[in-house]
Amino acid sequence: MYEERPALLDGAVLWTRTAGPATDAVRPVLPDGCMDLIWADGHLLVAGPDTRAYVPGEFATRYAGIRFAPGDAPGFFGVPAHELRDRRVDLGALWGEAEARRLGERITGAPDPGAALDALVRLRAAEGPAPDPLLRAVVARLAAGRAVAETADAVGLGARQLHRRSLDAFGYGPKTLARVLRLQRALALVLEGVPYAEAAVRAGCVDQAHLARETRALAGMTLGAYVASVAAAVSVPSVPSVAASANSETPEPSGSRTTA
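Residues are numbered in my numbering as their position in the sequence shown, beginning at 1, plus a constant of 47.
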């Protein structure tokens, strides 16, 4: 079962997940422009920014994660986002094995690992650099459907500067981030019941065919498969039905970045 709520850290989300039956383990995670710090039965790992649907494999039964707002995680982890693009790595590879083990044990020993992870991230973030308001402005404009060139002009950066800053902050260039955020807008509209063609145009796609191509490329499934899988997950939130479990295209919520 998956749950999420706002984290203590501004702009972040705390999510928790208890793994279900083995047949419920393989579900793609959709790109969302974010990075996560994940506690998995005592083990800490980092999920980098995805450029395509990621299919996780279970190795734990309990998970808690902090999903950082786009661009905020590199300052926290101390590594450019592009070095973690489409990767899941042990926290020890970034902060040292001893420190990662100590933090993992501290969270595991807490009555509520999710709350302990939440508090830890807020304290560690307070010791690091504050989020860059320029990067947050970039995300806000792209999330609203603004063009990349217009966004660069609005924040006072040249095209090359914006691309370089985006690689470090988001893991990929602003055009890819814009595609990811546009797909998230479109899928949100579809789930609200907006017809595919209308959702495509409102999200910034040329037409429904454009949205269908983007869904295939970034989410690894058709629009119909996405809607059906979410409906199945919502109708049986804790114990998936046989039909839903057998569908390997059923997506995890975008922040639930479990790993193999």
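From the three backbone atoms N, C-alpha and C, an ideal C-beta is built for every residue, glycine too.
| Query | Result |
| --- | --- |
| Short Cβ contact (8 Å threshold) for Asp79 with Gln208 | no |
| Proximal residues to Ala69 (C-beta, below 6 Å), its chain only, five neighbours per side dropped | Unreliable positioning characterises Ala69 in this predicted model, as indicated by a pLDDT of 48, which lies under 50. A coordinate reading is not provided. |
| Simplified DSSP state of Glu239, which is helix, strand or coil | coil |
| Leu85 - partner residues in DSSP beta bridges | First, the residue type needs correcting, since residue 85 is Ile and not Leu in the sequence shown. DSSP, once it has assigned bridges, lists Leu92, Gly112 as partnering Ile85. |
| Check whether Ala266 and Leu77 have beta carbons under 8 Å apart | yes |
| Where Val126 sits in the DSSP three-state scheme | coil |
| Rounded straight-line distance, which links the Cα of Thr108 to that of Gly156 | 16 Å |
| CA-to-CA distance, His129 to Gly203, given in whole angstroms | 23 Å |
| Boundaries (first-last residue) of the beta strand (DSSP E) holding Pro53 | 49-53 |
| Neighbourhood of Leu150 by C-beta distance below 7 Å, restricted to the same chain and skipping five residues each side | Leu91, Leu167 |
| Same chain only: Cβ atoms within 7 Å of Ala147, ignoring 5 sequence neighbours per side | Leu91, Asp137, Leu138, Gly139 |
| Spatial neighbours of Gly112 in its chain, beta-carbon cut-off 6 Å, leaving aside the 5 residues before and after | Trp62, Asp83, Ile85 |
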